[in-house]
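Report on the structure given below.
Number of protein chains: 2
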Amino acid sequence: MSDKHLSDSSELTEEQQREERYLARMKRKKEIIDQSIARADQDRGVCLVHTGNGKGKSSSAFGMVARALGHDMQVGVVQFIKGAFSTGEEAFFRRFPEVQYYVMGEGFTWETQDKERDIAAATKAWKQSEKLLNDENITLVVLDELNIALKYKYVDLQQVIKAVESRPVNQHVVITGRGAPQALIDIADTVTEMQVVKHAYQAGIKAQKGVEL
Amino acid sequence: MSDKHLSDSSELTEEQQREERYLARMKRKKEIIDQSIARADQDRGVCLVHTGNGKGKSSSAFGMVARALGHDMQVGVVQFIKGAFSTGEEAFFRRFPEVQYYVMGEGFTWETQDKERDIAAATKAWKQSEKLLNDENITLVVLDELNIALKYKYVDLQQVIKAVESRPVNQHVVITGRGAPQALIDIADTVTEMQVVKHAYQAGIKAQKGVEL
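Dropping the structure here:
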């Protein structure tokens, strides 16, 4: 069989052989993909962590909010450590009654220079997050920049892990921010590290509306 | 001065010293951040590339669409290589007259098993992309999964580079998909590589509405 195939192949033009290899490769790819999909048959809420120094951690959480709204889901968003400037996503998602949107930070920590105020703001934001993580009507919870609050120990890691692990079974939660703690990565289902290859500000371009703002 | 500072420090409690170091570190961080922002003073459209094997490449492009809509910008989206299943972001963003939304793929290539049909679909999608990249009224263009079409040479790389480099000066363009070609990375302003740390399907969880769909 193998010999016959080889002798057949030798009668084909180079282009036909390439085409055969292409089809064989595509067929194999489809088989692998189909097998993976067949194996993945659980249906439940997932915990996602977006970390790393690159751009896209918060943006992709907000892309998921758009996806969820496309399925008429209820969404809760808490932005930690932000709030010093108004952002496009806030202006946009506040238009939708399906979205509960909380911005409780007081600007980035290096802007406030006031540790007590930062801790108070983070604690308040975390209390709000716990309510969302207890609410069965909310299908997607975004805890934007929570990792920063965890890094500075403004929010207790064990409390976060407990609340995430005891959330409603079909609820998705996305936690963003650089420097995600290992214990959070351990309990998450999907973890992406956004790595910066290059960034426009390195070329002197300031933050742009619709991109960063 | 340095000696005096040292002798002063020795009179402080450990907690006060920690607090001093904290404030000094935060102050320095703020200085560095402020300097970077001061240097970055150019205002123009940027080209972003989201690549890598991790989750979040398309989601973060759609997060930027939400941001842009928050600023009342006009947006154009072309989805390459997709289209076999309806997604939440499509259902959502089609609600907005500010968004031109085109889905021109015929499912992933390994689903179609038909190279000629894939090329025809990609070519049609690229023609639409060129129109958006020529339109001064469009502030943000998303070319979703274009990198896949480039990888299979369904779309010509040099044509893409030419169209991206000659787009309106204030227009942002986001190109997503794994395996971004180096020549595209070279001309981009911001490039992020999404790296998979882990993914829910590895634990047997299928694609979830609001997360992947």
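Quick mapping for you: the protein sequence lines, in order, are chains D and Y.
First residue of the first sequence: 1, per the UniProt record's numbering; consecutive thereafter.
First residue of the second sequence: 1, per the UniProt record's numbering; consecutive thereafter.
Ideal Cβ placement from N, Cα and C applies to all residues, glycine included.
* Asked: Any Cβ of chain Y within less than 8 Å of the Cβ of PHE62 (chain D)?
  -> Chain Y contact via Cβ: present.
* Counting pairs of beta carbons, one from the stretch 157-165 of chain Y and one from the stretch 89-100 of chain Y, are three or more of them closer than 8 Å? -> no
* Name, in chain order, the residues that DSSP records as bridge partners for HIS71 (chain Y). => Per DSSP, none; premise fails for HIS71 (chain Y).
* Should MET104 (chain D) be flagged as near chain Y, meaning a C-beta pair shorter than 8 Å? -> no
* What residues of chain Y sit near THR139 (chain D), judged by a beta carbon separation below 7 Å? -> Simply GLY210.
* **Identity of the residues DSSP links to LYS198 (chain D) by a beta bridge** => Answer is Y:VAL191.
* **beta strand (DSSP E) segment containing LEU146 (chain Y), residue limits** => Not the beta strand (DSSP E): LEU146 (chain Y) falls in the alpha helix (DSSP H), residues 146-151.
* Please check if any C-beta of chain Y sits within less than 8 Å of the C-beta of ARG117 (chain D). => no
* Residue range of the beta strand (DSSP E) that includes LEU48 (chain Y) -> 47-51 is the extent of the beta strand (DSSP E) around LEU48 (chain Y).
* To do: Report buried or exposed for GLU31 (chain Y), applying the criterion of at least 16 other Cβ atoms within 10 angstroms of its Cβ.
  => exposed
* To do: From the DSSP output, in three-state form, read off THR176 (chain Y) for me.
  => strand
* **DSSP three-state assignment for LEU12 (chain D), whether helix, strand or coil** => coil
* To do: Compile a chain-ordered list of the residues in the stretch 176-204 of chain D whose CB is closer than 7 Å to at least one CB of chain Y.
  => ILE185, ASP189, THR190, VAL191, THR192, GLU193, MET194, GLN195, VAL196, VAL197, LYS198, HIS199, ALA200, TYR201, ALA203 and GLY204
* For ILE81 (chain D), is the classification buried or exposed, using 16 other Cβ atoms within 10 angstroms of its Cβ as the cut-off for buried? -> buried
* Tell me whether the beta-carbon of GLY210 (chain D) lies closer than 8 Å to the beta-carbon of PHE92 (chain Y). => no
* Count the other CB atoms, across all protein chains shown, that sit within 10 Å of the CB of ARG67 (chain D); report buried if there are 16 or more and exposed otherwise. => buried
* Asked: Pick from Y:TYR101, Y:ASP156 and Y:LYS57: whose alpha carbon is nearest that of ALA122 (chain Y)?
  -> Y:ASP156
* Inspect the CB distances between the stretch 41-54 of chain Y and the stretch 185-195 of chain Y and report whether three or more fall short of 8 Å. => Proximity of the stretch 41-54 of chain Y to the stretch 185-195 of chain Y meets the contact definition, three or more beta-carbon pairs being nearer than 8 Å.
* Candidates Y:GLY179, Y:VAL197, Y:LYS151 and Y:GLU136, of which the one nearest VAL169 (chain Y) by Cα -> Y:GLU136
* Asked: In chain Y, which residues lie with their C-beta within 8 Å of the C-beta of THR87 (chain D)?
  -> ARG67 and GLY70
* Asked: By the 10 Å Cβ neighbour count, where 16 or more other Cβ atoms means buried, how is GLU15 (chain Y) classified, buried or exposed?
  -> exposed
* Coil, strand or helix - ARG28 (chain Y) by DSSP -> helix
* To do: With DSSP collapsed to three states, give me the class of VAL211 (chain Y).
  => Here VAL211 (chain Y) sits in coil by DSSP.
* **Top-ranked residue by Cα proximity to MET26 (chain Y), from D:LYS115, D:LYS57 and D:CYS47** => D:LYS115
* **Nearest-angstrom Cα separation, counted from ALA200 (chain Y) out to residue 219 (chain D)** => There is no way to answer for residue 219 (chain D), as the model of chain D reaches only from 1 to 213.
* **Rounded Cβ spacing between SER58 (chain Y) and ASP144 (chain Y) (contact assumed at less than 8 Å)** => A Cβ-Cβ distance of about 5 Å is found for the pair SER58 (chain Y) and ASP144 (chain Y), placing them in contact under the 8 Å criterion.
* Span separating the alpha-carbon of TYR152 (chain D) from that of LEU146 (chain D) -> 10 Å
* Taking 8 Å as the CB-CB limit, is SER129 (chain Y) close to chain D? -> no
* Does the Cβ of ARG44 (chain D) lie closer than 7 Å to at least one heavy atom of the ligand ADP? -> Within the structure as shown, the ligand ADP is missing, as the structure has no ligands at all.
* With distances taken between CB atoms, is the gap from VAL142 (chain Y) to VAL103 (chain Y) smaller than 8 Å? -> no
* **Residues near residue 214 (chain D) by beta carbon distance below 7 Å, same chain, minus five either side** => Outside the displayed range of chain D (1 to 213) lies residue 214 (chain D), so it cannot be described from this structure.
* Name the chain Y residues that come within less than 8 Å of ALA91 (chain D), Cβ to Cβ? -> GLY70 and HIS71
* ASP41 (chain Y) to GLN208 (chain D) span [Cα, whole Å] -> 11 Å
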